[in-house]
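Take a look at the structure set out below.
There are 2 protein chains.
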Amino acid sequence: MRPRNLLRYAPHVDETEKSGLRERKKLATREALSAAALRLAMERGPDNVRVDDIAEAAGVSPRTYNNYFSSREQAIVAAVAAERALRVGAAVRARPDDEPLARAVVEAVVEQYSTVDEPGRAELALITSAPGLRAAFLDTVSAVEQPLAAAIAERAGRDERTAAVLAAAVAAAARVGAERWLRSWVTGNALLVVPGGSLPDLLREALLPLAPALDAPAR
Amino acid sequence: MRPRNLLRYAPHVDETEKSGLRERKKLATREALSAAALRLAMERGPDNVRVDDIAEAAGVSPRTYNNYFSSREQAIVAAVAAERALRVGAAVRARPDDEPLARAVVEAVVEQYSTVDEPGRAELALITSAPGLRAAFLDTVSAVEQPLAAAIAERAGRDERTAAVLAAAVAAAARVGAERWLRSWVTGNALLVVPGGSLPDLLREALLPLAPALDAPAR
DNA sequence: ACACAAAGTTGCGCGTACGCATCTATGCGT
DNA sequence: ACGCATAGATGCGTACGCGCAACTTTGTGT
Numbered sequence: 001m002r003p004r005n006l007l008r009y010a011p012h013v014d015e016t017e018k019s020g021l022r023e024r025k026k027l028a029t030r031e032a033l034s035a036a037a038l039r040l041a042m043e044r045g046p047d048n049v050r051v052d053d054i055a056e057a058a059g060v061s062p063r064t065y066n067n068y069f070s071s072r073e074q075a076i077v078a079a080v081a082a083e084r085a086l087r088v089g090a091a092v093r094a095r096p097d098d099e100p101l102a103r104a105v106v107e108a109v110v111e112q113y114s115t116v117d118e119p120g121r122a123e124l125a126l127i128t129s130a131p132g133l134r135a136a137f138l139d140t141v142s143a144v145e146q147p148l149a150a151a152i153a154e155r156a157g158r159d160e161r162t163a164a165v166l167a168a169a170v171a172a173a174a175r176v177g178a179e180r181w182l183r184s185w186v187t188g189n190a191l192l193v194v195p196g197g198s199l200p201d202l203l204r205e206a207l208l209p210l211a212p213a214l215d216a217p218a219r
Numbered sequence: 001m002r003p004r005n006l007l008r009y010a011p012h013v014d015e016t017e018k019s020g021l022r023e024r025k026k027l028a029t030r031e032a033l034s035a036a037a038l039r040l041a042m043e044r045g046p047d048n049v050r051v052d053d054i055a056e057a058a059g060v061s062p063r064t065y066n067n068y069f070s071s072r073e074q075a076i077v078a079a080v081a082a083e084r085a086l087r088v089g090a091a092v093r094a095r096p097d098d099e100p101l102a103r104a105v106v107e108a109v110v111e112q113y114s115t116v117d118e119p120g121r122a123e124l125a126l127i128t129s130a131p132g133l134r135a136a137f138l139d140t141v142s143a144v145e146q147p148l149a150a151a152i153a154e155r156a157g158r159d160e161r162t163a164a165v166l167a168a169a170v171a172a173a174a175r176v177g178a179e180r181w182l183r184s185w186v187t188g189n190a191l192l193v194v195p196g197g198s199l200p201d202l203l204r205e206a207l208l209p210l211a212p213a214l215d216a217p218a219r
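Protein sequence lines correspond, in order, to chains A and B.
Here the first sequence is numbered in the UniProt record's numbering, starting from 1 and rising by one per residue.
Here the second sequence is numbered in the UniProt record's numbering, starting from 1 and rising by one per residue.
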């Protein structure tokens, strides 16, 4: 099945730190690949990029490319989305302990995407214009689920199973927020820049309805 | 991207009713395909079924097969999952108006999956044993999102945007429940039949944490 | 330092996904 | 009943995803 599903990049976010030569090379290869993918997509348009081109630009075999990314879209999006979603767990843990869960989660999620707008407008335009890339970006957002589940479970008062459900709900809501953000892009191509609102604002709005569930007393 | 994503079968559930010859043929072909896919998968095992075999068994060209299903897994799962998920909207509307939203939604969702266990144990075993099929089945569950969003929006006190978020959250939670159910199958292959609980029970449990959000007063 | 185990890379081959151009069946207006 | 507009079916060609089986590089114990 193609949509072949979920993103599973790296087991640990801080792979950079584990300074084995092996790990560093791996990371470098991944970055080279996604960077090449993004650059080529920008130059030629997303549909005129062959997998072989990306591999060649990164100096590896096409087969190796597939060991890192299971689709062209993933490779391209990875350069922009990176492991933002994976850092959410840490962000939640960094919030003050006495803060209500709902607020902690919302802020943690929003935090990850508050710098998305500025750096590369052109790249974003690219992603928003190609349906495949949009889908890939949304999958990226959904990747918050697992780290988030762990972080929520750590906070007192909720068993793991409840935490998993809440994390899934949050991920889904965040996806909806991101969807709306993307939608606002496509329609207003040249006229309105950000008709629907900024990504952080839309994320907040989407997460709001879940607050009662997050802050509900543990049973 | 592979997992290529969401299921978009038919725009309307009651296509059966719109008795144009065209529509009926279309539906028939779809069913012939998914039935053939399921049967062949049962006989030979999921990995020994080629797309060409399915197409031949259904009496259409391989290319036509791809006009209906974008992956082998989808075709196989469709026979079991069918449009269960799509009926959720109607199920919600069928609940008494004065019932709290949380209860209405939970019951509507559970209702759709309460007859899954008995009819074809063998088929379910098939689905549970093949990773690709499991993923496809879970995608099926996620298809509740859109019909559910519409149904929730219709109930008083919630704007469309909130409804969309809640529907997404419910779909995600249902997916988690289904995931747990599947997990319980794989581990206990011959010994325990349903170690983790029945699908309806697991769905209820997974949806429970969202109740506060669903029943929260409209803002 | 050395050799062995573990992890990563590469080429190959099969089956799949899907755009495009063409042909056929259906539905609808007259 | 007739013919045109259109949806659907089919074939073809290209690119992709990924399992498998070598081969190469990095990590580790002695």
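All C-beta atoms in this analysis are idealised placements derived from N, C-alpha and C, irrespective of residue type, glycine included.
Check: I'd like to check one pair, leucine 208(B) with residue 221(B): are the Cβ atoms closer than 8 Å?; Outcome: The structure shown does not extend to residue 221(B), since chain B is modelled only from 1 through 219, so no value can be given for it.
Check: Write down every uninterrupted run of the alpha helix (DSSP H) in the segment 91-158 of chain A whose length is 4 residues or greater and which is fully enclosed by it, in chain order.; Outcome: 101-112, 121-129, 131-142, 145-154
Check: Taking the alpha-carbon positions, what's the leucine 126(B) to methionine 42(B) distance?; Outcome: 7 Å
Check: For arginine 24(B), is the classification buried or exposed, using 16 other Cβ atoms within 10 angstroms of its Cβ as the cut-off for buried?; Outcome: exposed
Check: Give the range of the alpha helix (DSSP H) segment to which leucine 86(A) is assigned.; Outcome: Here leucine 86(A) belongs to no alpha helix (DSSP H), and DSSP marks it neither H nor E.
Check: Quick one: is the Cβ of alanine 156(B) within less than 7 Å of any heavy atom of the ligand GTP?; Outcome: In terms of ligand content, the structure shown is empty, and the ligand GTP therefore cannot be addressed.
Check: So with CB distances below 7 Å, who are the chain B contacts of threonine 162(A)?; Outcome: Pro209
Check: Are the CB atoms of arginine 165(A) and alanine 173(B) nearer to each other than 8 Å?; Outcome: According to the sequence shown, residue 165(A) is valine rather than arginine. For valine 165(A) and alanine 173(B), yes; Cβs fall inside 8 Å.
Check: Less than 8 Å between CB atoms is the rule here; does arginine 204(B) satisfy it with respect to chain A?; Outcome: no
Check: Given proline 217(B), which residues of its chain have a CB within under 8 Å of its CB, disregarding the five upstream and five downstream residues?; Outcome: Gly157
Check: Show which residues of chain B have a CB atom less than 8 Å away from the CB atom of arginine 175(A).; Outcome: Ala168
Check: What is the residue span of the alpha helix (DSSP H) that asparagine 66(B) lies within?; Outcome: 62-68
Check: Given this structure, state the Cα-to-Cα distance separating isoleucine 76(A) from phenylalanine 69(A), to the nearest angstrom.; Outcome: 10 Å
Check: If you drop the 5 nearest sequence neighbours on each side, which residues of the same chain put their C-beta closer than 7 Å to that of arginine 8(A)?; Outcome: With a pLDDT of only 42 at arginine 8(A), under 50, the local geometry of the prediction cannot be trusted, and the value read off the model is given with reservation. Nothing meets the Cβ criterion.
Check: How big is the Cα-Cα spacing for arginine 175(B) and alanine 169(A)?; Outcome: 10 Å
Check: Ordered along the chain, which non-local residues of its own chain (more than five positions away) have a Cβ less than 7 Å from that of aspartate 52(A)?; Outcome: Pro62
Check: Using a Cβ-Cβ distance under 8 Å, would alanine 82(A) count as near chain B?; Outcome: no
Check: Tell me where the alpha helix (DSSP H) around alanine 81(B) begins and ends.; Outcome: 72-81
Check: Here's a check: name, in chain order, each residue in its chain whose Cβ is nearer than 7 Å to the Cβ of alanine 163(A), leaving out the five neighbours to either side.; Outcome: Ala149, Ile152, Ala153
Check: For arginine 44(A), count neighbouring C-beta atoms within 10 Å of its own C-beta (all shown protein chains included) and say buried if the count is 16 or more, exposed if not.; Outcome: exposed
Check: Along chain B, which residues have their Cβ under 7 Å away from the Cβ of proline 212(A)?; Outcome: Pro212, Ala213, Ala216
Check: At the 8 Å Cβ level, is alanine 41(A) part of the contact set with chain B, yes or no?; Outcome: no
Check: Could you tell me which chain A residues have their CB closer than 7 Å to the CB of residue 266(B), listed as they occur along the chain?; Outcome: Residue 266(B) cannot be examined here, being either before or after the span of chain B that is shown, 1 to 219.
Check: I think alanine 135(A) touches alanine 79(A), with their Cβ atoms under 8 Å apart; what is that distance to the nearest whole Å?; Outcome: No, alanine 135(A) and alanine 79(A) are not in contact; Cβ-Cβ is about 16 Å, not under 8 Å.
Check: Between tryptophan 185(A) and valine 109(A), what straight-line distance do the alpha-carbon atoms span, to the nearest angstrom?; Outcome: 21 Å
Check: If you follow the alpha helix (DSSP H) that proline 46(B) is part of, which residue opens it and which one closes it?; Outcome: No alpha helix (DSSP H) contains proline 46(B), which DSSP labels as neither H nor E.
Check: Any Cβ of chain B within less than 8 Å of the Cβ of residue 288(A)?; Outcome: Only positions 1 to 219 of chain A appear in the structure, and residue 288(A) is not among them; the question remains open.
Check: Compute the Euclidean distance between the alpha carbons of leucine 210(A) and glycine 177(A), then round it to the nearest angstrom.; Outcome: 13 Å
Check: At the level of alpha carbons, what is the spacing between valine 88(B) and glutamine 112(B)?; Outcome: 7 Å
Check: Would proline 100(A) pass as a contact of aspartate 215(A) if the rule is Cβ separation under 8 Å?; Outcome: yes
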